[in-house]
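Asker:
Residue numbers (my numbering), protein chains in the order written: chain A, 2 to 208; chain B, 3 to 247; chain C, 39 to 288.
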């Protein structure tokens with residue numbers, strides 16, 4: 002089945018880009034291709050620098066502790082033990098999961114699992130950050146902290162891309178792409194809401 | 003009652019929507035029944051070991067086939083539905099209704115599994131009492147379906163659960179199945195899940211009769227398993243276990 | 039620590055924390071193999087094997103023959119299912135490791151290492167419990183063949199896990215070792231040379247070695263172990279390729 006027929010987009014250093022679209026429009030597919038976990042049938046994806054990816058479903062190993070999860074992925078990012086430790090404590094205190102560092106992933110609540118899911122994407126200060134509805138299950142406090150983090154990273158030169166549904170956050174986005182009928186449109190300058198986002202605000206799962 | 007029916011339909015269609023499952027559920031009985039029959043009938047001549055008639059070999063294969071397929075179905079059924087079940091309970095399904103739909107669907111699947119095995123068996127043998135033979139095959143399947151469901155409720159992981167069900171069925175079929183290779187079968191084999199279903203089947207198949215004692219034993223067995231499954235299911239629906247499949 | 043050792047050691051921890059699995063890896067072989075010895079009639083039976091390079095029939099005790107078959111069947115079943123489920127569990131999440139910078143071969147090495155560890159435990163326990171009741175004539179040849187057949191089945195499980203869903207994979211990984219080792223290669227049931235198509239199954243060469251080195255006093259099947267290893271390598275190449283495809287897109 003073909004989900005996307007044409008997608009041409011560019012994400013630049015230091016900006017926060019939103020991807021919107023109706024359920025099943027191919028937002029996650031697009032992101033998976035950009036990240037590299039899904040192969041595109043044709044076309045090219047060019048990535049410069051390191052990538053951080055926060056998938057929609059927390060892709061984590063159930064029986065590992067939070068600390069081990071950091072070690073496993075940190076090692077992949079090429080970080081030293083000290084760097085991993087530093088990132089772990091920094092994110093744990095920011096997102097408030099310090100007391101859970103020795104818990105196994107399968108013992109965490111959905112919200113806490115999502116915090117780890119996000120932290121794994123952020124821990125190495127990536128050049129490009131790809132977030133697929135990263136705040137699912139966050140309380141308001143955490144949601145605001147998340148935006149602080151994202152804006153900090155963008156200010157430091159990270160290109161942040163996120164799949165988003167909430168209208169109120171569109172003011173925080175530098176540019177907005179909409180996925181519709183297998184194509185990607187730049188809708189940054191369109192006033193107000195797009196058809197797709199208007200019809201489905203609130204919670205949802207994708208694909 | 004409408005809810006129960008909706009639940010059953012949803013369960014059955016989920017299974018049928020995976021064609022490969024259906025193909026393999028057909029293939030496994032053929033392989034097991036013919037394999038077992040040929041193997042048992044083709045034993046070399048040794049003192050004290052006597053090859054059994056191929057018909058009996060096939061029957062034993064059918065019992066094993068029904069048991070292992072129904073057992074794994076019960077296991078998978080219980081595991082795959084856990085998270086969703088908890089959600090259904092929240093939407094207002096009483097846990098008891100939910101368990102009833104699960105078990106009814108499982109019963110339906112067991113009847114189909116038994117029918118397939120019976121069909122394969124019937125191609126080569128004509129039982130003395132066809133209806134009884136089929137019914138007893140269903141009973142053997144139900145015992146294992148409930149056992150599988152119990153394992154699934156206690157150990158809700160498909161890998162570990164399947165190991166338990168598979169090895170249990172293999173040992174049970176070997177000990178309960180009058181294997182000509184075996185000697186010194188311990189007394190307690192009588193309490194094994196397949197022992198009395200096998201007695202019933204053998205009698206129905208070759209003599210066309212049945213013994214009430216065996217039937218009562220199987221019924222009791224099913225009842226005990228049903229109570230256990232109900233209790234364990236009720237507990238898991240109330241508590242949020244840390245396990246996931 | 040480099041990435042491979044990190045991923046491997048954490049992968050082992052992950053499995054070791056699964057106490058139920060660890061217990062089953064020990065309890066199942068012990069009960070199954072012990073039972074096979076305990077209830078099998080102690081009579082002499084004819085066994086087809088190689089003697090001085092010629093196919094010949096020798097008389098051996100049935101429990102011994104049973105041990106030679108039940109031991110590999112147990113470990114092949116467990117290793118096969120382990121491979122299947124490792125693959126199914128890893129498929130999605132290991133893709134994220136690739137995004138995090140792990141090279142494909144590093145993840146592959148770590149995963150196969152975990153499978154190898156599980157296979158070693160199962161093989162060790164199976165052979166260990168078998169030794170209580172039956173000592174093969176050439177233990178190390180026997181163990182080598184056991185390892186080859188177990189690893190081969192573990193890898194086949196991985197292959198099946200990459201292609202089929204869990205339930206279908208489970209059916210296949212049940213049928214395959216039971217048919218292959220339990221019927222086609224079992225000297226009890228197939229007394230003449232197996233048909234050509236039975237020889238295509240993964241158990242053919244290793245079980246030949248086990249029958250020969252377990253039950254006779256000469257090693258006539260060194261070449262069979264080479265063939266068995268060749269079969270293993272072929273499956274390994276396929277499994278690595280499939281795993282690579284499943285976890286690495288671009």
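Glycine residues also receive a C-beta, built at the ideal position from the N, C-alpha and C atoms.
1. Is it buried or exposed for residue 188 (chain B), if we count other Cβ within 10 angstroms and need 16 for buried?
2. What does residue 209 (chain C) reach in chain B if we use C-beta pairs closer than 7 Å?
3. If you compare alpha carbons, which of A:71, A:125 and A:126 is closest to residue 99 (chain A)?
4. Find out if the Cβ-Cβ distance for the pair residue 124 (chain C), residue 196 (chain C) is shorter than 8 Å.
5. Quick check on residue 94 (chain C): does DSSP put it in helix, strand or coil?
6. May I have the straight-line CA-CA distance separating residue 88 (chain C) from residue 47 (chain C), to the nearest angstrom?
7. Is the beta carbon of residue 166 (chain A) less than 8 Å from the beta carbon of residue 134 (chain A)?
8. In or out: residue 110 (chain A) buried (at least 16 other Cβ within 10 Å) or exposed?
9. Along chain C, which residues have their Cβ under 7 Å away from the Cβ of residue 23 (chain B)?
10. Kindly indicate which residue of B:67, B:163 and B:87 has the alpha-carbon position closest to the one of residue 117 (chain B).
11. Could you have a look at residue 228 (chain C) and say whether DSSP puts it in helix, strand or coil?
12. Is the Cβ of residue 272 (chain C) closer than 8 Å to any Cβ of chain A?
13. Please determine, among C:122, C:231 and C:267, the residue with the shortest C-alpha to C-alpha distance to residue 184 (chain C).
14. Can you tell me the Cα-Cα spacing of residue 38 (chain C) and residue 193 (chain C), whole angstroms?
15. Indicate the three-state DSSP secondary structure (helix, strand or coil) for residue 179 (chain A) in the structure shown.
16. Hey, does residue 243 (chain B) have any beta-carbon neighbour from chain C nearer than 8 Å?
17. Residue 142 (chain B) and residue 210 (chain B) - do their beta-carbons sit closer together than 8 Å?
18. Under 8 Å between C-beta atoms, does residue 137 (chain C) make it to chain A?
19. Of all Cβ atoms in chain B, is any one closer than 8 Å to the Cβ of residue 73 (chain C)?
20. In whole angstroms, what is the alpha-carbon distance linking residue 69 (chain B) and residue 45 (chain B)?
21. Does the stretch 66-75 of chain C come close enough to the stretch 167-175 of chain C that 3 or more CB-CB pairs lie under 8 Å?
22. Closer than 6 Å by C-beta to residue 116 (chain C): which residues in its own chain qualify, once you throw out the five before and the five after it? Chain order, please.
23. Given that residue 162 (chain B) touches chain C, what residues does it touch there, using C-beta distances under 8 Å?
24. For the beta strand (DSSP E) that residue 162 (chain A) lies in, which residues bound it at each end?
25. With distances taken Cα to Cα, identify the nearest neighbour of residue 76 (chain C) among C:85, C:172 and C:154.
26. Inspect the CB distances between the stretch 61-69 of chain A and the stretch 52-66 of chain C and report whether three or more fall short of 8 Å.
27. I'd like the span of the beta strand (DSSP E) that includes residue 87 (chain C), first residue to last.
28. Taking the beta carbon of residue 21 (chain B) as the centre, do at least 16 other beta carbons fall within 10 Å, making it buried, or is it exposed?
29. Give me the residue from C:41, C:256 and C:253 with the minimum Cα distance to residue 144 (chain C).
30. Is any beta-carbon of chain A found at less than 8 Å from that of residue 48 (chain C)?
31. Counting C-beta neighbours from all protein chains within 10 Å, is the total for residue 319 (chain B) 16 or more, i.e. buried, or is it exposed?
32. Less than 8 Å between the C-beta atoms of residue 27 (chain A) and residue 60 (chain A), yes or no?
33. Would you grab the beta carbon distance between residue 160 (chain A) and residue 128 (chain A) for me? Rounded to a whole angstrom, and I think it's under 8 Å.
34. Buried or exposed for residue 205 (chain C), going by 16 or more other Cβ atoms inside 10 Å?
35. Please classify residue 90 (chain C) as buried or exposed, where buried requires at least 16 neighbouring CB atoms within 10 angstroms.
Answerer: Inspection of the coordinates gives the following:
1. Here residue 188 (chain B) refers to the residue found at position 186 of the second chain. It counts as exposed.
2. Counting from one through the third chain, the residue named residue 209 (chain C) turns up at place 171. Ordered by position in chain B, the residues that pass the 7 Å Cβ test against residue 209 (chain C) are 26 and 30.
3. Here residue 99 (chain A) refers to the residue found at position 98 of the first chain. Residue A:71 is the option with its Cα nearest to residue 99 (chain A).
4. If you number the third chain from 1, residue 124 (chain C) lands on position 86. If you number the third chain from 1, residue 196 (chain C) lands on position 158. In contact: residue 124 (chain C) and residue 196 (chain C) (Cβ atoms closer than 8 Å).
5. On the third chain, position 56 is the one that residue 94 (chain C) refers to. The answer is strand: DSSP assigns residue 94 (chain C) an E or B state.
6. Looking up residue 88 (chain C) in the third chain gives position 50. Looking up residue 47 (chain C) in the third chain gives position 9. So the alpha carbons of these two residues sit roughly 43 Å apart.
7. As a first step, residue 166 (chain A) must be located in the first chain, where it is residue number 165. As a first step, residue 134 (chain A) must be located in the first chain, where it is residue number 133. Yes, these two residues count as a Cβ contact at 8 Å.
8. For the purposes of this step, residue 110 (chain A) is taken as residue 109 along the first chain, with counting starting at 1. That one is exposed.
9. Within the second chain, residue 23 (chain B) is the residue found at index 21, counting from 1. Simply 205 and 206.
10. Position 115 of the second chain, counting from 1, holds the residue named residue 117 (chain B). Residue B:67 is the option with its Cα nearest to residue 117 (chain B).
11. What you label residue 228 (chain C) is simply residue 190 of the third chain in a count that begins at 1. Note: residue 228 (chain C) maps to coil in three-state DSSP.
12. Within the third chain, residue 272 (chain C) is the residue found at index 234, counting from 1. No - not a single Cβ of chain A is within 8 Å of the one on residue 272 (chain C).
13. Locating residue 184 (chain C) in the third chain gives position 146, counting from the first residue. Checked all of C:122, C:231 and C:267; the closest Cα to residue 184 (chain C) is C:267.
14. One cannot answer for residue 38 (chain C) here, as it falls past the ends of chain C, which runs 39 to 288.
15. The residue you call residue 179 (chain A) lines up with position 178 of the first chain. Of the three classes helix, strand and coil, the one that applies to residue 179 (chain A) here is strand, per DSSP.
16. Here the question's residue 243 (chain B) lines up with position 241 in the second chain. Note that residue 243 (chain B) scores a pLDDT of 41, beneath 50, so its modelled location is shaky and nothing firm can be said.
17. One-based indexing of the second chain puts residue 210 (chain B) at position 208. One-based indexing of the second chain puts residue 142 (chain B) at position 140. Cβ atoms of residue 210 (chain B) and residue 142 (chain B): not closer than 8 Å.
18. The count along the third chain starts at 1 and reaches residue 137 (chain C) at position 99. Interface residue, yes.
19. Looking up residue 73 (chain C) in the third chain gives position 35. Closer than 8 Å: yes.
20. Mapped onto the second chain, residue 69 (chain B) falls at position 67. Mapped onto the second chain, residue 45 (chain B) falls at position 43. If you take the alpha carbons of residue 69 (chain B) and residue 45 (chain B), they lie about 24 Å apart.
21. yes
22. For the purposes of this step, residue 116 (chain C) is taken as the residue at position 78 of the third chain. Once the five neighbours on either side are set aside, the close Cβ partners of residue 116 (chain C) are 160.
23. One-based indexing of the second chain puts residue 162 (chain B) at position 160. Neighbours of residue 162 (chain B) on chain C, chain order: 56, 58, 59 and 62.
24. One-based indexing of the first chain puts residue 162 (chain A) at position 161. Element bounds for residue 162 (chain A): 160-164.
25. As a position in the third chain, residue 76 (chain C) is number 38, starting the count at 1. Checking every option, the nearest Cα to that of residue 76 (chain C) belongs to C:172.
26. yes
27. Within the third chain, numbered from 1, the residue matching residue 87 (chain C) stands at position 49. Start and end: 82-89.
28. As a working mapping, residue 21 (chain B) is identified with position 19 in the second chain. Classification of residue 21 (chain B): exposed, given that the 10 Å Cβ count is below 16.
29. Within the third chain, residue 144 (chain C) is the residue found at index 106, counting from 1. Among C:41, C:256 and C:253, the Cα nearest to that of residue 144 (chain C) belongs to C:41.
30. Against the third chain, residue 48 (chain C) aligns to sequence position 10. Yes, because at least one Cβ of chain A sits closer than 8 Å to the Cβ of residue 48 (chain C).
31. Outside the displayed span of chain B (3 to 247) sits residue 319 (chain B), for which this structure offers no information.
32. Translated into the one-based positions of the first chain, residue 27 (chain A) becomes position 26. Translated into the one-based positions of the first chain, residue 60 (chain A) becomes position 59. For residue 27 (chain A) and residue 60 (chain A), no; Cβs fall outside 8 Å.
33. Numbered from 1 along the first chain, position 159 holds the residue referred to as residue 160 (chain A). Numbered from 1 along the first chain, position 127 holds the residue referred to as residue 128 (chain A). Contact flag correct, Cβ pair sits at about 7 Å.
34. Numbered from 1 along the third chain, position 167 holds the residue referred to as residue 205 (chain C). Residue 205 (chain C) comes out buried.
35. The count along the third chain starts at 1 and reaches residue 90 (chain C) at position 52. It is exposed - the Cβ of residue 90 (chain C) has fewer than 16 other Cβ atoms within 10 Å.
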